[in-house]
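Respectively, the protein sequence lines represent chains A and B.
Sequential numbering from 1 applies to the first sequence in this note's numbering.
Sequential numbering from 1001 applies to the second sequence in this note's numbering.
What follows is a single structure, written as C-alpha cells, with notes after it.
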Amino acid sequence: MSEVAISYWRMRARYYRLLGNKCSSCGSEYYPPVYLCRRCGSESLVDVEMPNTGQIVTYTILREVMAGFEGQQPLVLGIIRLDNGVKVVGQIVDTPPEALKIGSRVKMVFRKIREEGEAGQIYYGYKFTTL
Amino acid sequence: MGRVVVASVGYTKVGDHWDKSILDLAVEASKKALKPYPNIKPDVIIVGNMFSGRSSRQEHLGALLASALNLAGTPAFKVEAACASGGVAFNVGYRMVRSGEASSALVVGVEKMRDLDAAEVSLALSMADSAEYTQFIGASFLSLNAMLARLYQETYNVTRDELSAFPVIAHQNATTAEHAQFRKAISVEDVSRSPLVSDPLRLLDCAPIGDGAAAVLLTSDKLLDEEDRVEVLSSKISTNIFSVYEREDMLTFSATKDAASKAFSEAGVSVEDVDVLEIHDAFSVTAALSVEAMGFSKPGEGAKDAAAGVYSLKGRYPALTFGGLKGRGNPVGATGLYQIAELWLQLKGRGGLNQVEGCRIGVAQNIGGVDTTSVVTVLAKR
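This is the structure in C-alpha cells:
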C-alpha cells in the first residue's frame, strides 16, 4: 500500500487549486494554510484560493531526484511569489531551464506530479509555467 | 544549578560501515566515551538520531542501546530534530545534569545512511521539511538549499569562488583528521569543476552521505572535580517558521541568530571571545549564512570572509577544524555530537595537527532543516 495515498486524498483541494487560507481578522493570506494567523494570532481563518500567477524569486535545476521521482530528472524547481505576496515552492515546466530568470512571470498549471509504477497511484497537483 | 562537565568523548570514523549495524556504531562510540571512567554509571542515556526507522527499520534506540551496554534499568530515549538531533540530544542531557535530575548522562548521536541508496537518503532527508507541501512536489532538501544559494549569490553578489571557500577549508582540515570521511584536500577549481547537482550547488558544495556515531559523557562538577576540565557554559535551542519559503526574509537564519544570542549571553561571552567554531556546513551556503547569523561575519560577507581566510585553521575564527560536515562527514543524527567531541579535543589540547593553539572558548552550531531548528552550545576550558 502506498505510504501517501490517503494523505494525498485528504490534500486534493490544496494540490489541485492552491487552496490556502486567509485570516478573517487582518486579511493575511497563507499557503500552506496556517492554524493561527502569523500576523495577528487570530484563529478565525477561512479557506481561499491563491492567485494563479506570480514571479520567480529563485530556482534550481535538480539533477539528483529523491525516491518516487526516478526518471524525471532534471526537475526544475522554483520559489514563486504569487501576486498576493505569498511564496510557494513548485516545479517549473514547459520552459527551457536556460530561459529562466529571477523575476520571470509564471502561472499555475495542473499536472501529473508522479506515479507509483504502471498499476499504482497517480498523483496530480500544481506546477508553474512561464508566461 | 550546578556546572556541567564534558568528561570524555568517543566516536567512530565517519564513512561506509558496510560491516556494522546502527547498534554496532552506537555501542562502539559509547564504550569509548565510558572507558575513561569505569566507575561512572550514567543516570540517563539519550540518543540523537533522525531516521533509524527508515534506514534500519529500527526505532526504540534508547532502550536498545542501554540493553546492549548492560545498562538496562537506566532511563533511555531517542531525541529527534532532523539534522539537529545530535545537538538537541546534547542540550537535553546538559539540562538534566545541570538541573540535578541526573549526575551524569551519556549522550550518543548515531546515523546509518549507507544502507539506503542515494534516492532513499534524499527522501529521508526531505522529511526535515514539509512532507505535504515540499516533499510532495519533488523539492528535496538539496533543492531548497540550492535555491537559497542562488538567492544568496544574487542578493550579495557572491562569486562562485567565494562560495567554494568553506568546502576548501573543510577538506584542508580533514586531511589531518583521523576520523574524517574525506582526508583529501580540494581546490577552489575542484569545486567549480565538480558536477552540478542542483545549480548553483555542485557536488563539492554538499556534505556527503556516511555512517557514524559520536558519544559524550556529561557529569556534574561535583562528580568530576578535575583540573583542566571542559565545561558547558550554555546550550540554547531555537526554531524558525518551518519552511524557508514561508519566511519573509529567507537569507537570515533567525533560529541560529536567536539561539546564538541567548547562548552567548548566558555564557557571558561575545563573538570576539570565541577561539574555535564548529558550524553546520551541510552546504557551502549554509556555512556562510550560519556565521552571518551568529555575528562572526556581516550579512552577505560570510563566504567572502571565508575566502579571505577568516575561518581557516590559522584564521581569526578557526572553523570546521576537523573537516566539518563537508570533510569529516555528516551522519545526520550524530553530527551535533561530533561537533562537541571535536571542541572537546581542541579545548583539551588533544587536537594533534589540527590543534588551535591556546583556545579557551568553543562554539558549536547544529541545525535541522533550513535553519528550522538550531542549537548553539558554548564550551569552555577551565
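For every residue, glycine included, the Cβ atom is placed at its ideal position computed from N, Cα and C.
Quick caveat, the model's predicted, so the values are computed rather than measured.
Problem set entry | D83 (chain A) to I56 (chain A) span [Cα, whole Å] | 11 Å
Exercise. Closer than 8 Å, CB to CB, is R1150 (chain B) near chain C or not?
Worked result: Absent from the structure: chain C. Protein chains present are A and B.
Problem set entry | Boundaries (first-last residue) of the alpha helix (DSSP H) holding T1372 (chain B) | It is not in any alpha helix (DSSP H) - T1372 (chain B) carries neither H nor E in the DSSP assignment.
Problem set entry | Interface partners of T95 (chain A) on chain B, CB under 8 Å | Chain B residues near T95 (chain A): none, gap ~15 Å exceeds 8 Å.
For this session: Mind the definition here: the segment 1150-1170 of chain B touches the segment 1301-1318 of chain B only if three or more C-beta pairs lie below 8 Å; say whether that holds.
Result: yes
Exercise. Helix, strand or coil: which one does DSSP assign to F1283 (chain B)?
Worked result: strand
For this session: Please state if the CB of N1091 (chain B) and the CB of F1283 (chain B) are separated by a distance shorter than 8 Å.
Result: no
Exercise. If contact means a Cβ-Cβ distance below 8 Å, which residues of the segment 1135-1146 of chain B contact chain A?
Worked result: Q1135, F1136, I1137, G1138, A1139, S1140, L1142, S1143, L1144, A1146
Problem set entry | Closest residue to V1269 (chain B) among B:G1087, B:R1098, B:A1066, B:L1379 (Cα-Cα distance) | B:L1379
For this session: Give the C-beta separation of G1333 (chain B) and V1110 (chain B) to the nearest angstrom, bearing in mind that I take them to be a contact with Cβ-Cβ under 8 Å.
Result: 6 Å
Exercise. Anyone know if the C-beta pair for R1114 (chain B) and I1209 (chain B) falls short of 8 Å?
Worked result: yes
For this session: Look up Y1094 (chain B) in the DSSP assignment and say whether it is helix, strand or coil.
Result: helix
Exercise. If we cut at 8 Å on Cβ distances, does A1119 (chain B) have a partner in chain A?
Worked result: yes
Problem set entry | Cβ of L77 (chain A) within 8 Å of any chain B Cβ | yes
Problem set entry | Any C-beta of chain B under 8 Å from that of K87 (chain A) | yes
For this session: In the DSSP assignment, find the unbroken alpha helix (DSSP H) run with Y59 (chain A) in it and report its ends.
Result: Unbroken run through Y59 (chain A) is the beta strand (DSSP E), 53-62; no alpha helix (DSSP H).
Problem set entry | Beta-carbon separation (whole angstroms), T1219 (chain B) vs V1097 (chain B), contact threshold 8 Å | 7 Å
Problem set entry | Close beta carbons around A1215 (chain B), own chain, < 6 Å, minus the five adjacent residues each side | G1010, A1029, S1030, A1033, V1108
Problem set entry | Same chain, Cβ closer than 8 Å to E1042 (chain B), neighbours up to 5 away in sequence not counted | The question names Glu, but residue 1042 (chain B) in the sequence shown is Pro. Closer than 8 Å at Cβ, skipping near neighbours: L1034, L1071, T1074, A1102, S1104, A1105, L1106, L1217.
For this session: Reducing DSSP to helix, strand and coil, say where R1160 (chain B) ends up.
Result: helix
For this session: For my contact list, V1014 (chain B) and A1180 (chain B) are in at a C-beta cut-off of 8 Å; report their separation, rounded to the angstrom.
Result: 7 Å
Exercise. Taking the C-alpha atoms as reference points, what is the distance between S42 (chain A) and Y15 (chain A)?
Worked result: 25 Å
For this session: Output yes or no for whether 8 Å exceeds the beta carbon distance between K107 (chain A) and T53 (chain A).
Result: yes
For this session: Return the CA-CA distance between F1242 (chain B) and T1372 (chain B), expressed in angstroms with no decimal places.
Result: 6 Å
Exercise. Based on Cα-Cα distance, which residue from B:T1321, B:D1281, B:K1314 lies nearest to D1302 (chain B)?
Worked result: One point to set straight first is that residue 1302 (chain B) is Gly, not Asp, in the sequence displayed. Ranking the options by Cα distance to G1302 (chain B), first place goes to B:D1281.
For this session: Find the residues of chain A that neighbour V1197 (chain B), judging by a C-beta separation of less than 7 Å, and give them in chain order.
Result: R63, E64
Problem set entry | E1154 (chain B), DSSP secondary structure in three states | helix
Exercise. Tell me the DSSP bridge mates of G20 (chain A)?
Worked result: A:V48
For this session: Output, in chain order, the set of chain A residues within a Cβ distance shorter than 7 Å of Y1133 (chain B).
Result: P32
For this session: Say whether chain B places a C-beta atom closer than 8 Å to the C-beta of T60 (chain A).
Result: yes
Problem set entry | Span separating the alpha-carbon of W9 (chain A) from that of S2 (chain A) | 12 Å
Problem set entry | Distance, D1228 (chain B) Cα to K1304 (chain B) Cα | 36 Å
Problem set entry | Segments of 4+ residues assigned as alpha helix (DSSP H) that fall wholly inside the segment 1294-1361 of chain B | 1302-1307, 1324-1327, 1332-1347
Exercise. Going by the beta-carbon positions, is the gap between A1319 (chain B) and I1279 (chain B) smaller than 8 Å?
Worked result: yes
Problem set entry | CB-CB length for V34 (chain A) against N21 (chain A), believed under 8 Å | 7 Å
Exercise. Hey, N1354 (chain B) and F1322 (chain B): beta-carbon distance below 8 Å or not?
Worked result: yes
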